[in-house]
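Chemist: Numbering (my numbering), first residue to last: 4 to 134.
1. Would a C-beta distance cut-off of 7 Å place residue 48 and residue 11 closer than the cut-off?
2. Judging by CA-CA distance, which residue of 44, 15 and 43 is the nearest neighbour of residue 32?
3. Only counting the same chain, and skipping five residues up and downstream in sequence, which positions put a Cβ closer than 6 Å to that of residue 51?
4. Are residue 37 and residue 5 touching if we call contact CB-CB under 7 Å?
5. Measuring CB to CB, does residue 7 end up less than 7 Å from residue 83?
6. Per DSSP, which one or two residues make a beta bridge with residue 49?
7. May I ask which residues mark the beginning and end of the alpha helix (DSSP H) holding residue 78?
8. Below 8 Å on the Cβ atoms is my guess for residue 95 versus residue 71; work out the distance and round it to an integer in Å.
9. What are the start and end residues of the beta strand (DSSP E) that includes residue 9?
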């Protein structure tokens with residue numbers, strides 16, 4: 004079974020310039036993720052985010068400038084097999100350990116890191132919403 008991985012910030016979730024926040028769904032990438040799931044592929048989210056900050060208790064005290072990943076998935080009815088938070092470390096070991104075949108990311112450094120692995124990296128152009 005092919006395994007696909009998606010970055011979250013800047014890949015599935017767009018930057019809203021007016022509100023200086025990551026609060027807008029990237030329809031193109033979310034539709035691709037849903038299509039892959041419908042085809043029976045395994046899909047994971049691999050994010051640099053810090054697991055400690057990815058909870059509702061922390062979020063209540065922080066600025067509301069981004070979705071919690073789980074809230075985003077629920078709001079937009081997106082089903083994934085797992086969410087991996089790397090705590091600001093390289094995604095490569097996590098992608099290898101999860102046997103990922105293809106990873107989508109808006110960070111060129113992440114894609115470059117995949118060049119010498121067996122993982123196909125696809126660079127996503129981050130969308131900036133100007134309202």
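We put the beta carbon where it would ideally sit given N, CA and C, even for glycine.
Modeler: According to the structure shown:
1. Residue numbering aside, residue 48 sits at position 45 when the chain shown is read from its first letter. Residue numbering aside, residue 11 sits at position 8 when the chain shown is read from its first letter. It is a contact, given that the beta carbons lie within the stated cut-off.
2. For the purposes of this step, residue 32 is identified with residue 29 of the chain shown, where counting begins at 1. Residue 15 is the option with its Cα nearest to residue 32.
3. To locate residue 51, count along the chain shown from 1; it is residue 48. Counting only Cβ-Cβ distances below 6 Å, and skipping sequence neighbours, we find 89 and 91.
4. Translated into the one-based positions of the chain shown, residue 37 becomes position 34. Translated into the one-based positions of the chain shown, residue 5 becomes position 2. No, they are not a contact pair.
5. The count along the chain shown starts at 1 and reaches residue 7 at position 4. The count along the chain shown starts at 1 and reaches residue 83 at position 80. Going by C-beta atoms, residue 7 is not nearer than 7 Å to residue 83.
6. On the chain shown, residue 49 is found 46 positions in, with the first residue counted as 1. According to DSSP, residue 49 bridges with 87.
7. Reading the chain shown from its first residue, position 75 is the one you call residue 78. From DSSP, the alpha helix (DSSP H) with residue 78 extends over 72-78.
8. Walking along the chain shown from the start, residue 95 turns up at place 92. Walking along the chain shown from the start, residue 71 turns up at place 68. In fact, because the Cβ distance is near 25 Å, the residues do not count as touching under 8 Å.
9. Mapped onto the chain shown, residue 9 falls at position 6. 6-9 is the extent of the beta strand (DSSP E) around residue 9.
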